[in-house]
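J.: Supplied in structure tokens, the structure appears directly below.
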Amino acid sequence: MTDRHQVKAGEHLFRIARDNGFRTIRPLTDDPGNAELMRQRVNPATLAVGDEVAIPTFEPKQAEGTVGRFNLFTLAGSGLFLNLRFLTTERRPLANRAFRLVMAEVDPAGPKPAPPESGVTGAKGDISAEISIFDIEGELIVRATDDAASRPVETIKLLVGLLDPPNTIRGQQVRLNNMGYFAGFSDKDLVQLKWAIEEFQADHGIKATGRTDDPVTFNRIAHEHGDLLPNEKVP
948 MTDRHQVKAG EHLFRIARDN GFRTIRPLTD DPGNAELMRQ RVNPATLAVG DEVAIPTFEP
1008 KQAEGTVGRF NLFTLAGSGL FLNLRFLTTE RRPLANRAFR LVMAEVDPAG PKPAPPESGV
1068 TGAKGDISAE ISIFDIEGEL IVRATDDAAS RPVETIKLLV GLLDPPNTIR GQQVRLNNMG
1128 YFAGFSDKDL VQLKWAIEEF QADHGIKATG RTDDPVTFNR IAHEHGDLLP NEKVP
């Protein structure tokens, strides 16, 4: 029997799968009841509040072992990686900059911080860090040089699971803001969003219409933002 789960703010398919006993998202993405959802959303990390996810029945598995001998069992799993790239307002990478990342998991008593992770941004201003499926927020500090004692130049609050699909107004606003195009902060800032879309379109060789319902534009926004692969498209 298949249950239905209505997506709440901050949820993504990886967390929904784990909350229902699955170690990977494959049982959910392979379920026929989720075929239309995956066609619409494409990226399992960018669901919309109110989306319905079909939850198949969890089938416990059994395995045999030999008494008196060492038996090795391998569990399938799917880790999550936080991939970020930092650019200046002139679109130049913030390369070789020390950073400090602290993520926090959901906890009944409030967000539970994990041990901090430190490193240096790559040549393209990029970082990649494995995070918990249950992480809900984080703080990232980027410094002026590769010296961890140098002055901080950016302190960024990270919110996991709150990126809406790219064909939504809120999804386009967040992506454009992240990329340096000021697009407003609510669905009432439609004029500011239109200007930001026009600026993005002009920068990427797309006819400047400012429309939020243009698939060419909102897919290009998601491609440039990095949450859609080059061969992926949202309808």
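Here our numbering is used: the first residue of the sequence shown is 948, the next is one more, and so on. Note that CB positions come from ideal geometry on N, CA and C, so glycine has one too. Model, not experiment: these values are computed from the prediction.
Please report the Cβ distance between Ala1143 and Tyr1128, rounded to the nearest whole angstrom; I am assuming they are in contact, meaning their Cβ atoms lie under 8 Å.
T.: 4 Å
J.: Run through the region 969-1003 for me and flag every whole beta strand (DSSP E) of 3 or more residues, listed as ranges in chain order.
T.: Listed in chain order, they are 999-1002.
J.: What did DSSP end up calling Gln1139 once you bin it into helix, strand or coil?
T.: helix
J.: Could you pull the start and end residues of the alpha helix (DSSP H) that Val1121 belongs to?
T.: Start and end: 1116-1125.
J.: Rounded to the nearest angstrom, how far is the Cβ of Asp1111 from that of Val1121, given a contact under 8 Å?
T.: 7 Å
J.: Please list the terminal residues of the continuous alpha helix (DSSP H) segment that includes Leu1175.
T.: Here Leu1175 belongs to no alpha helix (DSSP H), and DSSP marks it neither H nor E.
J.: Within its chain, find whatever has a CB closer than 8 Å to the CB of Phe969; leave out the 5 residues flanking it on each side and keep chain order.
T.: Leu975, Phe1005
J.: Taking the DSSP output, what are the residues bridged to Glu1064?
T.: Leu1048
J.: Determine the burial state of Ala956: buried for a count of at least 16 other Cβ atoms within 10 Å of its Cβ, exposed for fewer.
T.: With fewer than 16 Cβ atoms within 10 Å of its Cβ, Ala956 is classed as exposed.
J.: Check whether the region 1089-1100 touches the region 980-997, counting contact only when three or more Cβ pairs, one atom from each stretch, lie closer than 8 Å.
T.: no
J.: What are the boundary residues of the alpha helix (DSSP H) that Ile963 is part of?
T.: 960-966
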